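Below is one structure, written out as structure tokens, with a few remarks after it.
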Ligand SMILES: Cc1cc2nc3c(=O)[nH]c(=O)nc-3n(C[C@H](O)[C@H](O)[C@H](O)COP(=O)(O)OP(=O)(O)OC[C@H]3O[C@@H](n4cnc5c(N)ncnc54)[C@H](O)[C@@H]3O)c2cc1C
Ligand SMILES: Cc1cc2nc3c(=O)[nH]c(=O)nc-3n(C[C@H](O)[C@H](O)[C@H](O)COP(=O)(O)OP(=O)(O)OC[C@H]3O[C@@H](n4cnc5c(N)ncnc54)[C@H](O)[C@@H]3O)c2cc1C
Ligand SMILES: Cc1cc2nc3c(=O)[nH]c(=O)nc-3n(C[C@H](O)[C@H](O)[C@H](O)COP(=O)(O)O)c2cc1C
Ligand SMILES: Cc1cc2nc3c(=O)[nH]c(=O)nc-3n(C[C@H](O)[C@H](O)[C@H](O)COP(=O)(O)O)c2cc1C
Ligand code: FES
Ligand code: FES
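Residue numbers (our numbering), protein chains in the order written: chain A, 307 to 612; chain B, 307 to 612; chain C, 1308 to 1581; chain D, 1308 to 1581.
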């Protein structure tokens, strides 16, 4: 009975060898970790958030460690679609691992623009749409904060690409199920969550915020139980696949998210602690399936018993 | 210059020796910890949530440890106002420490009822209104999840008591400032936050939720940076005082929340780890004020420099 | 107060928080360990059936203490007997002599002493033997003890009971010690011959399945029984309501009482099993 | 790729993750320590100015590694010199010989070697002496070194430089060793006599204020200078963008490059200070 389980998943047309990806913003554009782990082993690579034009991001400090987590405010620094395609895609195309590009904008138009430009780049398997960015036209509240603005962005992006479109939801909403339903109806092919939870750290010695941007986002093991809950609510609300992330550090964390409803998972902050963590997690999931006499990783998704 | 700093705060008419309270649900009704610490040292005691009638709460398991936190789903078990007043208030009245009663209901009417009954109990300094409970009339989403239902509950409760009314806000809302403003306009005397963050833990061996209630609330150090951010946003939005809580474990955690805008703070989960933690935190704040040459703890509130 | 429902007697617990030095650690089997602590103020108050709530110093990212029955008291020292079952007890097993550990106790209400004419009958499963061995020592007279476990490795403290001249009955699931089977099987066989006699008082501590079976026997035959429950705990002092148990009250109502403060020992007839 | 902006040379880093045994720990002063690791694969590749990213095993609730310059390499072993400044370095100071520690490295680009006719001039502040002492050892010829600190306790590794026949200049803020004042003061005095001479190449590592001052001197006098920057880091490999520095590019544009991967050593003239 100890056959090697089937680890592959088909995520809205993206064929993945296994369900474990690396999360946007924690794995650069690929080359950074290529010396340390074989990128071909990964289920998919989600690259750092890209905007239509280059963006400088926030001042330093941009990151601070907190208990079982970290708070970051990188501010989405990136070289823009053109340079990304030129400088990183040739490298990424050498691997047999799907590349999902995380994309963002500060207005509906910017989202349309970045999606349209990415649609023309060769070798991209899907677009993860980060809708946790502040809407600069409407007071700086994030697009994902309410279903209406989320729908606007996604419908607009949908028209610009035939690539799988995967909106990434913010965690601080009062009804994630309602948001997810609207996202599905607006044309999303899958949903990914959770993004970091808005957070802040103050240096009591100076009474100043530690981060130059004042506020940032909390990630790491601290947020894992929140991610499990939100993935479960999302899975109950929609039919499209869910990509779960938030605090995955060991295989059991990933398995929990899959049982809650995730078809695939992404490892973020844990890459900083241990660059080979995603490889260990892939092996750990395989081990678990064997122990449980499960033939196929896809049977995990939403397998919660009540 | 090393004079003893003034630690007292006046919280919407509640005179407190110092700004450190114990958080609802983590300190029982008072007697439980009375052998271990002198209750007279505390700034205030916030007792476990009370409803108009007794309530049995959830089945077990009700609590599970997670990284730097715990997830609980006690389910608000309590003996109701009448027995609370009879069995615990005589004990609590013996102390020179304000008693704030945390109150909840599942409909506007139940909130009115519990507040009206508490208003008649001798020795209560204020009512903390837990509006994170599911609204059973409107689909189970919590009252605090949106400004409209929050306003309804608070306005109704306001009519039933002249005691200080302190709504306690849920953390998972997309715009805490907007919610806080509505809460202020509805007649609140202060605002307390954060309640636990909705969360879930799955036992991968059985693929069952660990908690009988499936979902619960995350508390402890894991949520502290989230609390700091929400307290800061709330402080910017309203004029009434803010009580900050969430993950306070050492004095610096409390000081951070005060710099972010809290006039008082509450210690929750940390009581389980160390029952004398609140006493240590009071001393730690005093030490900090001395080091910083500050005369008065109230000067900390909202002292964040940008 | 809820405390009034504790059972036959009600002690107002005098609890302490103590920073104790580890005097000795001992490996009983691969899974079971003892740890001996220099802990005068808790040792002075401890009664059989009470427990301490341990903050495991080398346990990363922990927020909760772990409850352990008091196993032995000798002057200033306190011993615990524990089984490695999870991350907390694993970290505990790495602690070394000379280190410090923070504990609260004694917590809860211990076992009431049996009527002076009654024969004490103890039923222990696994680490449940810890508080019962302490009880046997304090009783000052022998009785009968039933001990069960999966294998002979789970049968502990037999030396202690022998020294005190107890009648010992052992059962293991794989037959590696005593009778093959469950402790309730050998208890039943023994009971069969005595069921119409009075004069016995039962004390039980172990896994829920065993406790439930013992409860049923006690109630059925009208024997008085004291059951020490094992529930996951938060505060350990009655503040958080993580550890409640449904109990029949004197007035016939059912209430959820706190195992940590109102127990962990309850009268067999009051416990309502799910 | 952003990597092209690294400066004079660009090494493609060959990095490893290694589980290393602690061979020795040493207390230099109350605040400064060294730790010697058995770490063959990283030791084999290490160049002066490169660093390792340490996972401190006994640091509770940690998510981030800590970066430390490579201080010495001797065959299979690697030494680090560190100052206790916070919770991570405090936990490090409790590590004992025989324990294991996980590290990644060597990371970043080291110091380029000076032109063969140039006199190397090193300027070190506090633990900034670690990579410079390693550089001195690898250079194979002596030069001039300036070392500064708050007190004599912050003046380290002087023995190493003496053995290699370096010209040593020391400044401390309280005058407890060398001249009283900042290292930049004694550097300025020395520079005054040589400012119109060429043939020197500066290498600096230390606190930002010092580095900025040295940068200004180098640029003003047209000396070539190499500055090793110290920024808070996340990944250590260029993936997270926590550690960026504004740098003048060859085409005149300004870009935020990564200190961990594109540095930590940059050409003095390119650095844009806030
Ligand atoms: C009153 C009382 C007395 C006890 N006396 C003893 C004793 O003398 N010897 C002994 O070996 N054990 C005893 N236990 C059980 C002991 O508390 C658990 O084995 C221990 O908490 C497990 O911790 P862990 O971190 O290793 O396990 P994990 O499973 O990793 O723990 C996860 C969480 O569950 C809790 N938990 C897990 N199992 C239990 C359990 N059986 N009971 C209560 N909480 C649990 C832990 O405290 C922790 O909060 C007693 C329990 C109670 C309630
Ligand atoms: C390339 C490089 C080389 C370094 N080489 C050395 C060395 O050889 N010897 C030495 O003693 N120190 C060196 N440092 C500094 C060292 O990394 C910090 O002192 C250390 O990270 C502090 O950790 P902590 O947990 O004790 O401090 P805390 O202040 O508690 O740390 C909190 C967080 O801030 C970060 N942090 C705090 N201070 C610094 C700092 N100065 N630089 C970078 N991150 C910081 C920590 O890594 C951690 O993430 C170097 C830093 C860099 C970037
Ligand atoms: C340093 C850092 C940078 C991130 N950048 C992005 C980003 O550009 N776009 C995005 O959608 N999410 C970004 N994230 C969020 C992660 O992709 C992930 O959703 C989140 O960190 C939770 O997962 P974790 O707890 O495993 O890190 C970033 C997270 C971190 C820590
Ligand atoms: C076991 C437990 C029970 C709680 N019960 C209540 C309650 O009855 N009413 C309420 O408003 N908050 C309740 N809370 C929330 C706390 O009062 C507090 O807001 C939250 O735990 C965050 O603080 P902490 O991280 O310091 O614990 C409870 C929290 C815990 C852990
Ligand atoms: S453990 Fe908190 S009430 Fe029993
Ligand atoms: S530390 Fe992550 S990019 Fe430099």
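Positions of the beta carbon are idealized from the N, C-alpha and C atoms, including for glycine. Fair warning: this is a prediction, and the values are worked out from it, not measured in the lab.
Identity of the residue in the options nearest residue i by Cα
i              : options                           : result
residue 365/B  : 586/B, 515/B and 529/B            : 515/B
residue 571/B  : 497/B, 528/B, 524/B and 593/B     : 497/B
residue 591/B  : 602/B, 581/B and 579/B            : 602/B
residue 380/A  : 511/A, 372/A and 522/A            : 522/A
residue 400/A  : 556/A, 388/A, 425/A and 336/A     : 336/A
residue 287/B  : 371/B, 551/B and 402/B            : Because chain B spans 307 through 612 in this model, residue 287/B falls outside it and cannot be assessed.
residue 500/B  : 506/B, 476/B and 490/B            : 476/B
residue 1361/C : 1328/C, 1450/C, 1507/C and 1508/C : 1328/C
residue 1417/C : 1335/C, 1375/C and 1405/C         : 1375/C
residue 1509/C : 1492/C, 1535/C, 1484/C and 1378/C : 1535/C
residue 541/B  : 553/B, 566/B, 525/B and 552/B     : 566/B
residue 538/A  : 552/A, 524/A, 554/A and 563/A     : 563/A
Inter-residue Cα distance where the pair is residue i and residue j
i              : j              : result
residue 1308/D : residue 356/A  : In this prediction, residue 1308/D has a pLDDT of 32, which is less than 50 and means its spatial position is unreliable; nothing more can be read from the coordinates.
residue 421/A  : residue 486/A  : 20 Å
residue 611/A  : residue 604/A  : 16 Å
residue 1283/C : residue 519/B  : This structure does not reach residue 1283/C, given that chain C is present from 1308 up to 1581, and the question cannot be answered.
residue 461/B  : residue 492/B  : 5 Å
residue 1384/C : residue 575/B  : 30 Å
residue 427/A  : residue 544/A  : 30 Å
residue 1326/C : residue 1344/C : 10 Å
residue 581/B  : residue 559/B  : 17 Å
residue 527/A  : residue 577/A  : 12 Å
residue 556/A  : residue 1394/C : 15 Å
residue 1397/D : residue 1333/D : 14 Å
Cβ separation of residue i and residue j, assumed to be a contact under 8 Å, to the nearest whole Å
i              : j              : result
residue 414/A  : residue 488/A  : With a Cβ gap of about 15 Å, residue 414/A and residue 488/A do not count as contacting.
residue 318/B  : residue 531/B  : Not quite, the Cβ-Cβ distance comes to about 27 Å (not below 8 Å), so this is no contact.
residue 1404/D : residue 1330/D : 7 Å
Chain D residues whose Cβ lies nearer than 8 Å to that of residue i
i             : result
residue 302/A : It is not possible to answer for residue 302/A, since the shown part of chain A is limited to 307 through 612.
residue 575/A : 1370
Residues that residue i contacts on chain D, provided the C-beta gap is smaller than 9 Å
i             : result
residue 436/A : Those within 9 Å of residue 436/A in chain D number zero; the least Cβ separation is about 15 Å.
Residue i: contacting residues in chain A (beta-carbon distance under 7 Å)
i              : result
residue 1539/D : 367 and 369
residue 1429/D : Correct list: empty, because the minimum Cβ distance to chain A is about 26 Å.
residue 336/B  : Chain A residues near residue 336/B: none, gap ~29 Å exceeds 7 Å.
Closer than 9 Å at the beta carbon, the chain B residues around residue i
i              : result
residue 1362/C : 579 and 580
residue 1554/C : Going along chain B, no residue has its Cβ under 9 Å from residue 1554/C, so there is no contact; the nearest lies around 13 Å.
Where residue i meets chain B, residues with beta-carbon distance less than 8 Å
i              : result
residue 481/A  : 447 and 451
residue 1551/C : 363, 366, 368 and 383
Sub-8 Å separation of residue i and residue j beta-carbons
i              : j              : result
residue 510/B  : residue 561/A  : yes
residue 616/B  : residue 354/B  : Outside the shown range of chain B (307 to 612) lies residue 616/B, about which nothing can therefore be said.
residue 1439/D : residue 1512/D : yes
residue 1489/C : residue 1496/C : no
residue 320/B  : residue 333/B  : no
Under 8 Å by beta carbon: chain A residues contacting residue i
i             : result
residue 594/B : 510
residue 535/B : 504, 505, 506 and 521
Chain E within 8 Å of residue i, Cβ atoms only
i             : result
residue 454/B : Included in the structure are the protein chains A, B, C and D, with no chain E among them.
Chain-ordered neighbours of residue i on chain A, where CB pairs are closer than 9 Å
i             : result
residue 599/B : Those within 9 Å of residue 599/B in chain A number zero; the least Cβ separation is about 13 Å.
Proximal chain B residues relative to residue i, where beta-carbon distance stays under 7 Å
i             : result
residue 538/A : 506
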